[in-house]
Amino acid sequence: MVEIITDTSCDLSLEQAKELGVTLIPMTITFGDRDFKDRYEMEADDFYRLLVSYDDLPVTSQINPYEFEKAFENTQRNGDTAVVITLSSELSGTYANAELASRDYPHIYVVDSRTGSVAIQCLVRLACKLRDQGLDAEEIARKVTEATSRIKVLALVDTLEYLKKGGRISATAAVAGNVLSIKPVLTTSDGKIEVVGKARGSKNANNLIKKLAKECGGIDFDEPVVLAYSGTSRDLLEQYVADNRDLYEGHEESLIYSQIGSTIGTHSGPGAIIIGFFPANP
Numbered sequence: 001m002v003e004i005i006t007d008t009s010c011d012l013s014l015e016q017a018k019e020l021g022v023t024l025i026p027m028t029i030t031f032g033d034r035d036f037k038d039r040y041e042m043e044a045d046d047f048y049r050l051l052v053s054y055d056d057l058p059v060t061s062q063i064n065p066y067e068f069e070k071a072f073e074n075t076q077r078n079g080d081t082a083v084v085i086t087l088s089s090e091l092s093g094t095y096a097n098a099e100l101a102s103r104d105y106p107h108i109y110v111v112d113s114r115t116g117s118v119a120i121q122c123l124v125r126l127a128c129k130l131r132d133q134g135l136d137a138e139e140i141a142r143k144v145t146e147a148t149s150r151i152k153v154l155a156l157v158d159t160l161e162y163l164k165k166g167g168r169i170s171a172t173a174a175v176a177g178n179v180l181s182i183k184p185v186l187t188t189s190d191g192k193i194e195v196v197g198k199a200r201g202s203k204n205a206n207n208l209i210k211k212l213a214k215e216c217g218g219i220d221f222d223e224p225v226v227l228a229y230s231g232t233s234r235d236l237l238e239q240y241v242a243d244n245r246d247l248y249e250g251h252e253e254s255l256i257y258s259q260i261g262s263t264i265g266t267h268s269g270p271g272a273i274i275i276g277f278f279p280a281n282p
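Heads up: the sequence shown runs through residues 1 to 282, numbered per this note's numbering.
This is the structure we're talking about:
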């Protein structure tokens, strides 16, 4: 059997991971002197409730080699092989630690997603599809690695407050952006997060998302399409889909909804929307 392993930065819930048959290894979230295992000891709703009441940003920590070794020992004990898909090596040391831990396990293949959040989840879902089709671990890893060059992610951030807290933008820029209702749109490029556009107000931001998705080659609805929201209410995401009906029309039933976890949510704050997809015409 081929085991699919990933980290919680992919924004799969525990229930979704169980349904897919995926092993989910948690990042660690630290609020002050309190540590929590992402998703296992702190669910996403609890994370956001604490985040908005906390003056400082929490810290999210990479998964250490020992945690991967424990998972790999279990894989070997069961006589399985495994494909491990991690957060981009440009954003975290998690990939390097998984690669280090895998050196004593020749039948475990580690893939650097070169992306984050639901784009990783799209790759994980692709790996599960290939597993269910009967491909072996080496072939799955090869195909998923190839897919990392095609996967796209677009993220719309509602507030600049948390980017300011994290030192990613200046306080002056944050105040000006919030007053003018500036909504930045982010993506990953070469494994790193970058701003691909800015819009004033939610309507213009939605139009920018549609424009960027079309420029990517449109959305391939035969592959996983995952939409995620940050915060405690899915209403914003459902409203986003309704407002952008022309982008998703006829494919609403195939859309996969997720909740953004601590890795991205720490920097986006509540109210963000992220879309992961494969282009129809790359």
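Beta carbons are placed, not taken as given, at the ideal position from N, Cα and C, and that holds for glycine. Values in this document were obtained by computation on a predicted structure and should not be read as measured data.
| task | Identify the continuous alpha helix (DSSP H) that holds residue 139 and give its terminal residues. | result | Taking the sequence shown and counting its residues from 1, one reaches residue 139 at position 139. Segment 137-147, the alpha helix (DSSP H) holding residue 139.
| task | Can you tell me which of 6, 252, 279, 251 puts its alpha carbon nearest to the alpha carbon of residue 117? | result | For the purposes of this step, residue 117 is taken as the residue at position 117 of the sequence shown. Closest by alpha carbon: 6.
| field | residue 265 and residue 48 closer than 9 Å at C-beta | value | As a position in the sequence shown, residue 265 is number 265, starting the count at 1. As a position in the sequence shown, residue 48 is number 48, starting the count at 1. Cβ distance < 9 Å, so residue 265 and residue 48 count as in contact.
| request: Under 8 Å Cβ to Cβ from residue 205, same chain only, skipping five residues before and after it: list those, please. | output: If you number the sequence shown from 1, residue 205 lands on position 205. Closer than 8 Å at the Cβ level, and outside the excluded window around residue 205, lie 156, 183, 185, 199.
| CB-CB under 7 Å to residue 217, same chain, minus the five flanking residues each way: which ones, in chain order? | Taking the first residue of the sequence shown as position 1, residue 217 is located at position 217. Excluding sequence neighbours, residue 217 sits near 279, 280, 281, 282.
| query | Can you tell which of 1, 228, 240, 222 has its C-alpha closest to the C-alpha of residue 107? | reply | As a working note, residue 107 is residue 107 in the sequence shown. Selected option, being the one with the closest Cα: 1.
| said: Please state the DSSP three-state secondary structure of residue 265. | reply: By 1-based counting over the sequence shown, the position of residue 265 is 265. Looking at residue 265 - three-state DSSP - the assignment turns out to be helix.
| Excluding sequence positions up to five away, which residues of its chain have a Cβ less than 6 Å from the Cβ of residue 90? | Locating residue 90 in the sequence shown gives position 90, where the first residue counts as 1. Taken in chain order, the residues that qualify are 191, 192.
| What are the residues that DSSP puts in a beta bridge with residue 2? | As a first step, residue 2 is located in the sequence shown; it is residue number 2 there, counting from the start. Looking at the DSSP assignment, residue 2 forms a beta bridge with 81.
| Under 8 Å from any heavy atom of the ligand FMN, does the C-beta of residue 281 make it? | No copy of the ligand FMN occurs in the structure displayed, which carries no ligand at all.
| query | Which whole-angstrom value is the C-beta distance of residue 75 and residue 113, which I expect to be below 8 Å? | reply | Translated into the one-based positions of the sequence shown, residue 75 becomes position 75. Translated into the one-based positions of the sequence shown, residue 113 becomes position 113. Wrong, their Cβ atoms sit about 19 Å apart, outside the cutoff.
| request: Grab the span of the alpha helix (DSSP H) containing residue 40 for me, first residue to last. | output: Residue 40 sits at position 40 when you count from the first residue of the sequence shown. First-last for residue 40: undefined, no H or E at that position.
| task | Within its chain, find whatever has a CB closer than 8 Å to the CB of residue 223; leave out the 5 residues flanking it on each side and keep chain order. | result | Start at 1 with the first residue of the sequence shown, and residue 223 comes out as number 223. So the qualifying residues of the chain are 122, 126, 277, 278.
| said: Please classify residue 53 as buried or exposed, where buried requires at least 16 neighbouring CB atoms within 10 angstroms. | reply: Counting from one through the sequence shown, the residue named residue 53 turns up at place 53. Residue 53 should be labelled exposed.
| residue 145 to residue 105 span [Cα, whole Å] | If you number the sequence shown from 1, residue 145 lands on position 145. If you number the sequence shown from 1, residue 105 lands on position 105. Their backbone Cα atoms lie some 19 Å apart in a straight line.
| Between the region 225-240 and the region 127-139, do three or more beta carbon pairs fall short of 8 Å? | no
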